[in-house]
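Structure first, commentary second.
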Amino acid sequence: MYKFDLAATGYDWGTPITDVIISFPKPLDREITTQDLPDAFSISIDLKYSLFGFDVDAANDVVTVKSADISGDRTTATLNVGSNFAEHSRTRISNFERYGGSWKVALSKDLGDLKKGTEFTWSGKVINEWADRFERLTVETEYSYVDRRTGETITCSTMDARLYKPDKTKYQDKGNGYPMVVWLHGGGEIGDDNEIHITANAVVNWAKEEAQDIFGGAYILAPQNHAGRSVKACMDVIEYVIAHNPDIDSNRIYVGGCSYGGFATWAIIKAYPDFFAAAFPICGGGGNLSDEDLDNLYDLPIYMVVSTGDSMPVSMMEAYNALVDRALSKGAKPKTYIALFEHVDFDGFADSQKKMAALKGVEYKEEERFRIFAMDHWSWIYVHNNFDGKGDDYDGRMFIRTDAPAELDNCSVVEVTEKNIDEIRATMGEHIAKTVNVGDRLVHLAKDTLDEAGNVVSTTHVYTPNFAPSDIGYETFMQFLAAQRKK
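The numbering of the sequence shown is the working numbering, which starts it at 144 and goes up by one.
Right, dumping it as structure tokens:
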């Protein structure tokens, strides 16, 4: 029986199957070259597709081979893959969508002694170099959730997690132990596969050399929630990992997450305000901070990240202003930061936009591409890629800047004048309002509240003096995070 393995590679937009590794009973004939291989295999998937946990019918997907190479009795066929909504994206795991199914590989022509039509059987193995470095954990705890398919309340007695441990031969403990970054996944990664929450986006970047060098070696913990946003269960996982890894520095534990995980980040720091050294909620609301919350959190380094094209920036900017105002009222230096992006861009996204333009029957124009199609909720991409902490554009991508034009796609930059200064200050807390002066340029966002008929009932206006990450004294976001330590 001839077998093949699958190999997956992580990108900003998800983790597709990128290679099919085919094993032969013996090395191929020497006369066979790599040029003979790309058209030698017929590869297809009998797709199984689920959306929000519901099974959805999907057609078979025929996968084309980009290139292939030979190594003894093995051939690696590299597939054509693309970003979300682009060619062969159905091989991916990403957000609320899970694509999988039965892979079929057969010879489409004679290859040495093997005849056309020879079939290969999947071994069941998927190789993912970086995700495989995260250990699988199951921790005893208890929480309940409502199954969105049946409406039934389900009680869980365990929570799964993945844990990356630093290379302790390369990064030697200098006596204080190792920091730990806790990543709380988005709503699309809810489940019990203990896989998608580190593969739907580039969580594994935190285990790679750039990040590990910055932290001097760090544990990376990613719990997976079955469906309920249980703060206590998540803390049970964190405390379990600390108890079983005594070289974790309890003064350097950082928590952050995206979307659903951004809301969970706010929830966990509100419940345990003295536990973490810093937090980074991404595109996940503003936490609905009470007066007590503001007193508990104004001294905690919190770095919010969001795109103004998202639905979250108004509440996050309100939280930013409120925390800064509370710090100023205490005579303290604010430790709250916010990075605002006009749009979210990422490698491979242009291909998706071109395809969407074709589907819509409109001309693709580079300068107007975000009006064709935007993924502005995905600002976690910048965090996983360790964005510039000095306020310059990250890799050509767009912070809202002090020299930005007055009108942007999703917000405006307003100059403070004698006529509007009182109106602007009225939207802010007393102490942050005093920092606003005539001549300043502020980001302005507005959010409408609608009634059941869709009519505008009220409009919330929010202004903030922060256009891009303020100069926090570190070159990158991860350098900032790694420098934070509990007092």
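Even glycine gets a Cβ: it sits at the ideal position worked out from N, Cα and C.
None of the values given here were measured: they were computed from a predicted structure.
Legend entry - Per-residue DSSP class, three states only, for R305: Start at 1 with the first residue of the sequence shown, and residue 305 comes out as number 162. Under the three-state reduction of DSSP output, R305 falls in the strand class.
Inset, instruction - Take the Cβ of G329 as the centre, count every other Cβ of all protein chains shown within 10 Å, and call the residue buried at 16 or more, exposed below. - result: Translated into the one-based positions of the sequence shown, residue 329 becomes position 186. Answer is buried; the Cβ neighbour count reaches 16.
Inset, instruction - Out of G532, T592, E278 and K562, state which residue places its alpha-carbon closest to the alpha-carbon of F623. - result: Walking along the sequence shown from the start, residue 623 turns up at place 480. Looking at the Cα atoms, G532 is the closest of the given residues.
Inset, instruction - Alpha carbon to alpha carbon, how far is D417 from E511? Give it in angstroms, no decimals. - result: For the purposes of this step, residue 511 is identified with residue 368 of the sequence shown, where counting begins at 1. For the purposes of this step, residue 417 is identified with residue 274 of the sequence shown, where counting begins at 1. Near 46 angstroms, if we compare the C-alpha coordinates of D417 and E511.
Inset, instruction - Kindly indicate which residue of M571, I385, P477 and D336 has the alpha-carbon position closest to the one of R279. - result: Taking the sequence shown and counting its residues from 1, the one referred to as residue 279 is at position 136. Residue D336 is the option with its Cα nearest to R279.
Inset, instruction - Given a cut-off of 8 angstroms, decide if V556 and F620 are closer than it, judged by their beta-carbon atoms. - result: Mapped onto the sequence shown, residue 620 falls at position 477. Mapped onto the sequence shown, residue 556 falls at position 413. Taking 8 angstroms as the cut-off, the beta carbon of F620 is found no closer than this to the beta carbon of V556.
Inset, instruction - Using only alpha-carbon positions, find the residue among R584, G582, S601 and V487 that is nearest to D591. - result: For the purposes of this step, residue 591 is taken as residue 448 along the sequence shown, with counting starting at 1. The candidate whose alpha carbon is nearest that of D591 is S601.
Legend entry - Buried or exposed by the 16-neighbour rule on C-beta atoms within 10 Å, applied to H587: For the purposes of this step, residue 587 is identified with residue 444 of the sequence shown, where counting begins at 1. Per the 10 Å Cβ criterion, buried.
Inset, instruction - To the nearest angstrom, report how far apart F147 and D275 are at their CA atoms. - result: Your numbering for residue 147 matches position 4 in the sequence shown. Your numbering for residue 275 matches position 132 in the sequence shown. About 18 angstroms.
Inset, instruction - Flag I175 as yes when its Cβ comes closer than 7 angstroms to any non-hydrogen atom of the ligand ZN, and as no otherwise. - result: This structure lacks the ligand ZN; in fact it carries no ligand of any kind.
Inset, instruction - Look up H328 in the DSSP assignment and say whether it is helix, strand or coil. - result: To locate residue 328, count along the sequence shown from 1; it is residue 185. The DSSP-derived three-state label of H328 is coil.
Inset, instruction - Return the first residue and the last residue of the beta strand (DSSP E) that C401 is part of. - result: Numbered from its first residue, the sequence shown carries residue 401 at position 258. Here the beta strand (DSSP E) through C401 covers I391 to C401.
Inset, instruction - Could you check which residue in I543, G534, K577 and H387 has the C-alpha nearest to that of G616? - result: Within the sequence shown, numbered from 1, the residue matching residue 616 stands at position 473. The residue from I543, G534, K577 and H387 with its alpha-carbon nearest to that of G616 is G534.
Inset, instruction - Check whether the region 465-481 touches the region 435-442, taking contact to mean three or more Cβ pairs, one atom from each stretch, closer than 8 angstroms. - result: Touching, yes, given that three or more Cβ pairs across the two stretches are closer than 8 angstroms.
Inset, instruction - Report yes if the CB atom of P608 is closer than 8 angstroms to the CB atom of T578, and no otherwise. - result: Here residue 608 corresponds to residue number 465 of the sequence shown, with the count starting at 1. Here residue 578 corresponds to residue number 435 of the sequence shown, with the count starting at 1. Yes; because the gap between Cβ atoms is below 8 angstroms, this pair is in contact.
Inset, instruction - Measure the alpha-carbon distance for A407 versus F184 and round it to whole angstroms. - result: In the sequence shown, counting from the first residue as 1, residue 407 sits at position 264. In the sequence shown, counting from the first residue as 1, residue 184 sits at position 41. Taken atom to atom, the span from the alpha-carbon of A407 to that of F184 is near 46 angstroms.
Legend entry - Counterpart residues of R584 in DSSP-defined beta bridges: The sequence position of residue 584 within the sequence shown is 441, counting from 1. Beta-bridge partners assigned by DSSP to R584: E558.
Inset, instruction - Just tell me which of R395, D490 and E506 has its CA closest to the CA of K497. - result: As a working mapping, residue 497 is identified with position 354 in the sequence shown. Ranking R395, D490 and E506 by Cα distance to K497 puts E506 first.
Inset, instruction - Helix, strand or coil for T275, going by three-state DSSP, please let me know. - result: By 1-based counting over the sequence shown, the position of residue 275 is 132. The amino acid occupying residue 275 in the given sequence is Asp; Thr does not appear at that position. Helix, per DSSP.
Inset, instruction - For H527, write down the residues that DSSP places opposite it in a beta bridge. - result: As a position in the sequence shown, residue 527 is number 384, starting the count at 1. H527 is not bridged to any residue.
Inset, instruction - Using a threshold of 8 angstroms, state whether the C-beta atoms of A249 and T264 are closer than that. - result: Within the sequence shown, the letter at position 106 stands for residue 249. Within the sequence shown, the letter at position 121 stands for residue 264. It is not a contact, given that the beta carbons lie outside the stated cut-off.
Legend entry - For V269 and L437, the rounded distance between their alpha carbons: Taking the sequence shown and counting its residues from 1, the one referred to as residue 437 is at position 294. Taking the sequence shown and counting its residues from 1, the one referred to as residue 269 is at position 126. Rounded to the nearest angstrom, the two C-alpha atoms are 46 angstroms apart.
Inset, instruction - Measure the alpha-carbon distance for Q627 versus V282 and round it to whole angstroms. - result: If you number the sequence shown from 1, residue 627 lands on position 484. If you number the sequence shown from 1, residue 282 lands on position 139. Rounded to the nearest whole angstrom, the CA to CA distance from Q627 to V282 is 28 angstroms.
Inset, instruction - Just confirm the distance between the C-beta atoms of T218 and L180, as a whole number of angstroms; I'd bet it's less than 8 angstroms. - result: Here residue 218 corresponds to residue number 75 of the sequence shown, with the count starting at 1. Here residue 180 corresponds to residue number 37 of the sequence shown, with the count starting at 1. Between T218 and L180, the beta carbon gap of about 6 angstroms places them in contact (Cβ cut-off 8 angstroms).
Inset, instruction - For E595, name the three-state secondary structure that DSSP assigns. - result: Within the sequence shown, residue 595 is the residue found at index 452, counting from 1. If DSSP states are grouped into helix, strand and coil, E595 belongs with coil.
Inset, instruction - Using 10 angstroms around the beta-carbon of G597, count the other beta-carbons present and answer buried if the total reaches 16, otherwise exposed. - result: If you number the sequence shown from 1, residue 597 lands on position 454. Exposed.
Inset, instruction - Write down the C-beta distance between Q367 and D303 rounded to the nearest angstrom, noting that I regard them as a contact closer than 8 angstroms. - result: Locating residue 367 in the sequence shown gives position 224, where the first residue counts as 1. Locating residue 303 in the sequence shown gives position 160, where the first residue counts as 1. Yes, Q367 and D303 are in contact; Cβ-Cβ is about 5 angstroms, under 8 angstroms.
Legend entry - Exposure of D468, with buried meaning 16 or more beta-carbon neighbours within 10 Å: In the sequence shown, counting from the first residue as 1, residue 468 sits at position 325. Using a 10 angstroms sphere on the CB of D468, the tally of other CB atoms reaches 16 or more, which defines it as buried.
Inset, instruction - Go ahead and pull the three-state DSSP assignment for P456. - result: Residue 456 sits at position 313 when you count from the first residue of the sequence shown. DSSP places P456 in the helix class (H, G or I) of the three-state scheme.
Legend entry - Bridge partner(s) assigned by DSSP for E283: The count along the sequence shown starts at 1 and reaches residue 283 at position 140. Paired residues: T301.
Inset, instruction - Please list the segments of the beta strand (DSSP E) lying wholly inside the region 407-433, counting only runs of 3 or more residues, in order along the chain. - result: Under the rule that a run must span 3 or more residues, the beta strand (DSSP E) segments found entirely inside the region 407-433 read 421-425.
Inset, instruction - Closer than 6 angstroms by C-beta to I385: which residues in its own chain qualify, once you throw out the five before and the five after it? Chain order, please. - result: Walking along the sequence shown from the start, residue 385 turns up at place 242. The residues are I391.
Legend entry - Limits of the beta strand (DSSP E) - the one that T219 falls within: Position 76 of the sequence shown, counted from the start, is the residue given in the question as residue 219. That run of the beta strand (DSSP E) goes R217 to L222.
Legend entry - Separation of D172 from K317, as counted between CA atoms: Residue mapping note: residue 317 aligns to position 174 of the sequence shown, counting from 1. Residue mapping note: residue 172 aligns to position 29 of the sequence shown, counting from 1. Rounded to the nearest whole angstrom, the CA to CA distance from K317 to D172 is 54 angstroms.
Inset, instruction - Using three-state DSSP, classify I445 as helix, strand or coil. - result: Locating residue 445 in the sequence shown gives position 302, where the first residue counts as 1. Strand.
Inset, instruction - Check whether the Cβ atoms of G427 and C401 sit closer than 8 angstroms, and answer yes or no. - result: Along the sequence shown, one-based indexing puts residue 427 at 284. Along the sequence shown, one-based indexing puts residue 401 at 258. For G427 and C401, yes; Cβs fall inside 8 angstroms.
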